[in-house]
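Here's the structure, in structure tokens; my notes come after.
Numbering (my numbering), first residue to last: 113 to 567.
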């Protein structure tokens, strides 16, 4: 028997793959999934009406890399292919991404031609960043912040106006704290091994590629052939975890919602006791933990305080999400994915997503404003209200996009400690955690965004 802790996308996906392994290996592993709340899906929540869809958490999925392709394989297997809405390279949401600097919105270059042209707020064509990399000596380092790395290799403007806002959009974090290995591990390795990014790129072009080829579903192959930028699901992203949950139920996974685990007791290398809030105990042979690291820390604190401390050291940030719907049919925005705000602008918002451009079946204009992140408490204090975040969001949207209409509908959600921050030293910390588990023969596997990223 095995127990999965957490019914977010990580926990549900774990159940999916364990079931697949049962089938492929002719196993009959009994699975339990325990979720503390009364719903599955984690931060993925969709509000659907006949006129709009509000995504209160993530709204798109990247199809890139092994993880992205595996996700597409899973989506096809679950029968969701016909509900997929891709954003292809020629779509305005793929071509038009903006940053807000010095009270102006600027389009970021999206073509090779744009790299050779001067585009504000950059003082030179971006091609000069490559010259900067070629002439700059490298620094021997085990890790570095993504900001320091980009500033060193490509210049301060690229770090301030391209990378810093991008990190705000991806993990609501500060590029001066986030590890370069989070997004640019290969580029960092090229610098460390070959002395620069361009030099490493040139050498990689002549090196043979190794590794097993992933078997692709028709949907994954289509995404590759059509070069999807990102994709979403018609009717709301929540359909994905809902379908996964139904799949697990149909395959006899015991789904225990509103079931809070208060402590984990490791009996031996093949036995674990889960203490439930109701006083019950569940004995299993292995635990798959997809809950946030700080939640797991409290469950193992009594028996393994050293492990708990290292788990607690993984920082998380809080993000405010304000969804706005304007019923008017007149165009309020230009077709684009949206815009991000570099931290040097000292704005209360991280950026705005133009949902009515990115997501199908929206009548009118739908925007999502992201606030806070790494700077949530600094900007809004410890006890901010939904009303305060709404007023700030409407004010900023009105000022930046010159929208004078009042929203027809809105929703505010404060996602408390929702995104882990892969700060410098994160990967060494995760290695330390996993080494502790291995050395102590603890029958637990760590999965989810606290450790290895989310796609």
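Where is the CB? At the ideal position from N, CA and C, for every residue including glycine. Remember, it's a predicted structure, so these values are computed and weren't measured experimentally.
According to DSSP, residues forming a beta bridge with residue i
| i | result |
| --- | --- |
| residue 399 | 115, 556 |
| residue 432 | 483, 526 |
| residue 380 | 383 |
| residue 198 | 343 |
| residue 375 | 387 |
| residue 521 | 437 |
| residue 366 | 144 |
| residue 477 | 438 |
| residue 393 | 387 |
| residue 227 | According to DSSP, which records beta bridges pairwise, residue 227 is partnered with nothing at all. |
| residue 451 | 210, 464 |
| residue 309 | Answer by DSSP bridge pairing: none, since residue 309 is not bridged. |
| residue 445 | Residue 445 pairs with nothing; no bridge assigned. |
| residue 511 | According to DSSP, which records beta bridges pairwise, residue 511 is partnered with nothing at all. |
| residue 193 | Partner(s): none; residue 193 has no beta bridge. |
| residue 290 | 535 |
CB contact flag (residue i, residue j, <8 Å)
| i | j | result |
| --- | --- | --- |
| residue 145 | residue 444 | no |
| residue 399 | residue 277 | no |
| residue 465 | residue 459 | no |
| residue 269 | residue 234 | yes |
| residue 343 | residue 196 | yes |
| residue 483 | residue 505 | yes |
| residue 531 | residue 402 | no |
| residue 474 | residue 165 | yes |
| residue 241 | residue 259 | no |
| residue 316 | residue 287 | no |
| residue 308 | residue 246 | yes |
| residue 281 | residue 158 | no |
| residue 140 | residue 133 | no |
| residue 457 | residue 151 | no |
| residue 509 | residue 291 | no |
| residue 549 | residue 422 | no |
| residue 350 | residue 153 | yes |
| residue 396 | residue 384 | yes |
| residue 201 | residue 341 | yes |
| residue 192 | residue 345 | yes |
Residue nearest to residue i in terms of C-alpha spacing, selected from the options
| i | options | result |
| --- | --- | --- |
| residue 253 | 515, 302, 214 | 302 |
| residue 167 | 332, 326, 519, 524 | 524 |
| residue 339 | 181, 530, 152, 532 | 181 |
| residue 521 | 539, 551, 546, 480 | 480 |
| residue 184 | 259, 294, 330 | 330 |
| residue 557 | 378, 139, 317, 231 | 378 |
| residue 355 | 473, 114, 120, 115 | 120 |
| residue 539 | 427, 193, 152 | 427 |
| residue 284 | 429, 513, 549 | 429 |
| residue 171 | 471, 511, 513 | 471 |
| residue 142 | 163, 114, 122 | 114 |
| residue 381 | 553, 178, 159 | 553 |
| residue 239 | 178, 514, 310, 279 | 310 |
| residue 337 | 175, 543, 518, 151 | 175 |
| residue 187 | 149, 133, 124 | 124 |
| residue 411 | 326, 250, 148 | 148 |
| residue 513 | 179, 203, 216 | 216 |
| residue 455 | 358, 491, 499 | 491 |
| residue 516 | 192, 439, 500 | 439 |
| residue 433 | 156, 126, 136 | 156 |
| residue 237 | 229, 243, 244 | 229 |
| residue 274 | 461, 222, 298, 415 | 222 |
| residue 563 | 408, 327, 493 | 408 |
| residue 461 | 442, 503, 469, 437 | 503 |
| residue 214 | 511, 418, 498 | 511 |
| residue 249 | 306, 489, 416, 232 | 306 |
Start and end residues, alpha helix (DSSP H) containing residue i
| i | result |
| --- | --- |
| residue 183 | 177-189 |
| residue 220 | Looking at the DSSP string, residue 220 is not in any alpha helix (DSSP H), and its letter there is neither H nor E. |
| residue 166 | No alpha helix (DSSP H) contains residue 166, which is instead part of the beta strand (DSSP E) from 165-167. |
| residue 541 | 538-551 |
| residue 171 | That residue, residue 171, is in no alpha helix (DSSP H); it is neither H nor E in DSSP. |
| residue 335 | 330-337 |
| residue 418 | 417-424 |
| residue 281 | 276-283 |
| residue 151 | Residue 151 -> no alpha helix (DSSP H), and no H or E assigned at all. |
Limits of the unbroken beta strand (DSSP E) element including residue i
| i | result |
| --- | --- |
| residue 298 | Not the beta strand (DSSP E): residue 298 falls in the alpha helix (DSSP H), residues 297-306. |
| residue 360 | From DSSP, residue 360 is part of no beta strand (DSSP E) but of the alpha helix (DSSP H) over 351-362. |
| residue 261 | Where residue 261 is concerned, there is no enclosing beta strand (DSSP E), although the alpha helix (DSSP H) it sits in stretches over 258-266. |
| residue 120 | It is not in any beta strand (DSSP E) - residue 120 carries neither H nor E in the DSSP assignment. |
| residue 466 | 461-466 |
| residue 213 | 209-213 |
| residue 158 | 158-160 |
heavy atom of the ligand MG below 7 Å from residue i C-beta
| i | result |
| --- | --- |
| residue 413 | Absence of the ligand MG is noted for the structure shown, with no ligands found whatsoever. |
Determine, using beta-carbon pairs with one atom in the stretch 440-456 and one in the stretch 205-222, whether at least three such pairs fall under 8 Å.
yes
Between the stretch 366-375 and the stretch 386-393, do at least 3 Cβ pairs fall closer than 8 Å?
yes
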